[in-house]
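Report on one structure; see the data block that follows.
There are 2 protein chains.
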Amino acid sequence: MKPLPETLEARIGLRVNQLDTPALVVDLDAMERNIARMADFARKHRVLWRPHAKMHKSAEIALQLQRAGAVGACVQKTAEAEALAAGGVRDITITNQVIAHPKLLRVARLAARLQAQGGRLALAVDSAEGIQRLAEAMAQAAPQARIDVLVEIDVGQGRCGVPPGEPALALAQAVARLTQLRFAGLHAYHGRAQHLHGAAERRDAIAAAVQAARHTRDLLTAAGLPVPLVTGSGTGTLVHEAASGVYGELQAGSFLFMDADYARNEREPAQPAFEQALFVKTQVISACDSHAVCDAGHKSHAIDSGLPTVALLPPGRALRYANGGDEHGLLYADSPQARLPALGQMLWLVPGHCDPTVNLHDFLIGVRGGLATGVVERIIRVDARGALT
Amino acid sequence: MKPLPETLEARIGLRVNQLDTPALVVDLDAMERNIARMADFARKHRVLWRPHAKMHKSAEIALQLQRAGAVGACVQKTAEAEALAAGGVRDITITNQVIAHPKLLRVARLAARLQAQGGRLALAVDSAEGIQRLAEAMAQAAPQARIDVLVEIDVGQGRCGVPPGEPALALAQAVARLTQLRFAGLHAYHGRAQHLHGAAERRDAIAAAVQAARHTRDLLTAAGLPVPLVTGSGTGTLVHEAASGVYGELQAGSFLFMDADYARNEREPAQPAFEQALFVKTQVISACDSHAVCDAGHKSHAIDSGLPTVALLPPGRALRYANGGDEHGLLYADSPQARLPALGQMLWLVPGHCDPTVNLHDFLIGVRGGLATGVVERIIRVDARGALT
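Top to bottom, those sequences are chains A and R. Quick note, the first sequence lines up with residues 1 to 389 if you use full-length UniProt numbering. Quick note, the second sequence lines up with residues 1 to 389 if you use full-length UniProt numbering.
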């Protein structure tokens, strides 16, 4: 593993109140409780879990999740897979389409490398042309290797994937005809369902997804193509896929850190009580009668799923965060009891969406002992930050 | 300057159609025409220009702008100033408040370092406490050095800055009493006005800002405190500040690359015809009857000022980009003549907002000879990417 820059190494052992801002901080105790809850949930439901590393982008965290029982990692990008593999992760699924020839050559070489280490690489496909291109790249760059292939079906997301049923069967048959490709099952992820805030809406969306996946699985099985695995799910809906009897693997990743948008979800009773573990530490750099200004704007946290909320304030002292641009946040005290924070005051933000927030930072600062008086225990490198290709 | 990673070095000389995706590409010819237009505009209006490096975050580009006539660089963050200084930029203004003691010590040390190199550092202030903290840090960390201090006035942005007039006078007097601080003028930036799409709205907003700045300048001058400089402005309004007779320096940065939101501005006739020079190259990775999916989502481009537009399409073949999440874009052909792009087809996106888009990438790929058949000439490091503190 690459050594940390000296300036970061020096932060280990600092008290959390000494951390300069903005800083992306992980409450390690909360994160580890989330991991234990997820491991326990998967064990009880007898499903595999392969947390999505597009969220944390860290090999160190992927390996920590594996020690807790995860079977490997999911990624969205070839470059993410390469970054995790460089950090020692050996079982990786790319839950996405790869079409470009130079990238498919990288996929093929990575499949060979992981296979030589006793691991494996899997890739999603959703077109005959994609399968053909993959086979050609494997033949060219890794003639001795095999790659696991998941046929992606669209179960409601409306993005990639073929329709369930016959189109999926045709692709699975195409995969099965090619010796270097191993048909490994169905990728059936309903991303939009994760962020439906009503519990009933999510349940209904996943009921339809489960029905589509089951129908496709049964069709393939009847055609002589057993389906080793149906994989998908996310933090918002995992109770439904886990109980479905169809999904064998959960890809949920956000449970590790959580975010303000998931906090808006109406919770199912069966859902593990995941806690917020990711925060942006910020401080007030300007204040006047009407508002205060903090030093965290949307270069510190992603705003695609809404603005951050201000956490850990005393009761009755809520502050509203408004967008102040790339580098600033505006803080308003909307209730009569609330007081605006003073110059220099430290505040904790809960980002709207954890995945693209982590992607803005090169390092996560891991704090042990709580955010009030804890100490920096680990600096975690975001290995795949900016790994876009 | 740090060497480029080998994999990037290898891209120099590649034809643009060989570049894998997503890639952040700068049309160097367009960028250099924009620089020439800006230099010409500033010369004609006899104003200084100090382009904001919070946009490009590159020392190499800041130095290129200086060779074309810029007097130095603006930044928003201490860490950005440090990154530019490490790359050879010697005249830097931090157009923002710094309050934290550890950060002010870094400011003081940087001021001393730049001064020793014949350069200078300037910092904005908007509170008596901020001035006091700065003076203490200078005394502690750089007792032999001086720092330029700009009093920030709020001319309509509603973020940092004291009200124009008496409050600014009180701060300027406080600065003038401290021997290590040199009162360098007024920072008067109206950020919101840049993105008012109507030309008349922008003109009216800046007329009010100019009036506030002039009043404050005259008040300070009458009180025996000459104002060496009023600085501010941006790409959306620079024609007004340049013509005001009050602003002596333009901070506009986006003119270099431009973006989809600036393209929505109704243009003033006096505005130089800045061209789009920044693009995200993407390709289609999945396609069906209703839509195509490309490999650029909001980890490739910022969406705070709206979604990207699809550029460089043949007439009548417009495509609409819709958000497909962190790693995907959805493409729709809304007109009857339009055709959905095929699997593997390359497309060019114009990001909604250039500043936070550049901040997602470690490198800019500079192409010479146009985006159809050009060649990669330079790989430009985004030195201050993620420089948040």
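Here a beta-carbon is modelled for each residue, glycine too, at the ideal position from N, C-alpha and C.
Rounded to the nearest angstrom, the gap between the Cα atoms of Ile380 (chain A) and Gln283 (chain A) is 22 Å. By the Cβ neighbour-count rule, His301 (chain R) is buried, with 16 or more other Cβ atoms within 10 Å of its own.
Counting other Cβ atoms within 10 Å of its Cβ, Gly13 (chain A) stays below 16 and is therefore classed as exposed. When 8 Å is used as the limit between beta carbons, Ser300 (chain R) is near these residues of chain A: Leu388, in chain order. Shown here, Asp383 (chain R) sits in coil according to DSSP, grouped into three states, outside any helix or strand. Nearest to Gly224 (chain A) by alpha-carbon distance, out of A:Arg37, A:Gly130, A:Thr7, A:Ala172, is A:Ala172.
By the CB criterion at 8 Å, Gly156 (chain A) and Ala193 (chain A) fall inside the cutoff. Proximity of chain A to Ala100 (chain R) at the Cβ level (cut-off 9 Å) is accounted for by Asp20, Thr21, Gln283, Ile285, Asp295, Gly344, in chain order. Residue burial is scored here from C-beta neighbours: Arg90 (chain A) has at least 16 other C-beta atoms within 10 angstroms and is therefore classed as buried. Distance from Ala318 (chain R) to Leu330 (chain R) at the Cβ level is roughly 15 Å; contact not present, criterion being Cβ atoms closer than 8 Å. R:His240 is the residue among R:His240, R:Thr235, R:Pro226 whose C-alpha sits nearest the C-alpha of Gln211 (chain R).
Annotation: Arg146 (chain A) to Leu8 (chain R) spans about 29 Å, alpha carbon to alpha carbon. In this structure, R:His215 is the residue among R:His215, R:Arg133, R:Gly119, R:Leu63 with its C-alpha nearest to the C-alpha of Gly165 (chain R). Separation of Gly234 (chain A) and His190 (chain R) (C-alpha to C-alpha, rounded to the nearest whole angstrom) is 42 Å. Identification of residues in the segment 58 to 83 of chain R having a C-beta nearer than 8 Å to some C-beta of chain A yields Gln76, Lys77, given in sequence order. Listed along chain A are Asp304, each with a C-beta nearer than 7 Å to that of Ile303 (chain R). Annotation: the continuous beta strand (DSSP E) that includes Ala73 (chain A) extends over 73 to 75. Taking Pro315 (chain R) as reference, the option from R:Gly297, R:Pro336, R:Ala83 with the minimal CA-CA separation is R:Pro336.
For Arg37 (chain A), no Cβ of chain R is located within less than 8 Å of the residue's own Cβ. At a beta-carbon threshold of 7 Å, the residues of chain A lying near Pro356 (chain R) are His298, Lys299, Asp326, ordered along the chain. Of the candidates A:Asp154, A:Ala59, A:Leu181, A:Leu181 places its Cα closest to the Cα of Ala111 (chain A).
Fewer than three beta-carbon pairs drawn from the segment 270 to 287 of chain R and the segment 119 to 127 of chain R are found closer than 8 Å, and the two stretches are therefore not classed as touching.
In this structure Val75 (chain R) does not touch Lys103 (chain R) by the C-beta definition: roughly 13 Å separates them, more than the 8 Å allowed. Using a Cβ-Cβ cut-off of 8 Å, Glu129 (chain A) counts as an interface residue toward chain R, since at least one Cβ of chain R sits closer than that to its own. Chain-ordered listing is empty here: chain R has no CB closer than 7 Å to the CB of Asn17 (chain A), the nearest sitting near 11 Å. For Arg264 (chain R), no CB of chain A lies under 8 Å from its own CB, so it is not counted at the interface with that chain.
Contact annotation: the segment 43 to 53 of chain A does not touch the segment 357 to 366 of chain A, with fewer than three C-beta pairs closer than 8 Å. Proximity of Gly165 (chain A) to chain R, defined by a Cβ-Cβ separation below 8 Å, is not satisfied. The beta carbon of Pro51 (chain A) lies closer than 6 Å to those of Leu65, Ala70, Gly253 in the same chain, with the five residues before and after it left out. With a 10 Å radius around the Cβ and a threshold of 16 neighbouring Cβ atoms, Asp326 (chain R) comes out buried. For Gly191 (chain R), no beta strand (DSSP E) run applies; the uninterrupted alpha helix (DSSP H) run containing it begins and ends at 191 to 194, by DSSP. Residues are counted here when their Cβ sits less than 7 Å from a Cβ of chain A; for the segment 350 to 376 of chain R these are Asp355, Pro356, Asn359, Leu360, His361, Asp362, given in chain order. Per the coordinates, the alpha-carbon of Val26 (chain R) lies some 5 Å from the alpha-carbon of Leu278 (chain R). Look at Gly232 (chain R): its C-beta is not under 8 Å from any C-beta on chain A. Rounded to whole angstroms, the gap between the alpha carbons of Glu82 (chain R) and Leu24 (chain A) is 20 Å. Secondary structure at Gly329 (chain R): strand, using DSSP grouped into helix, strand and coil.
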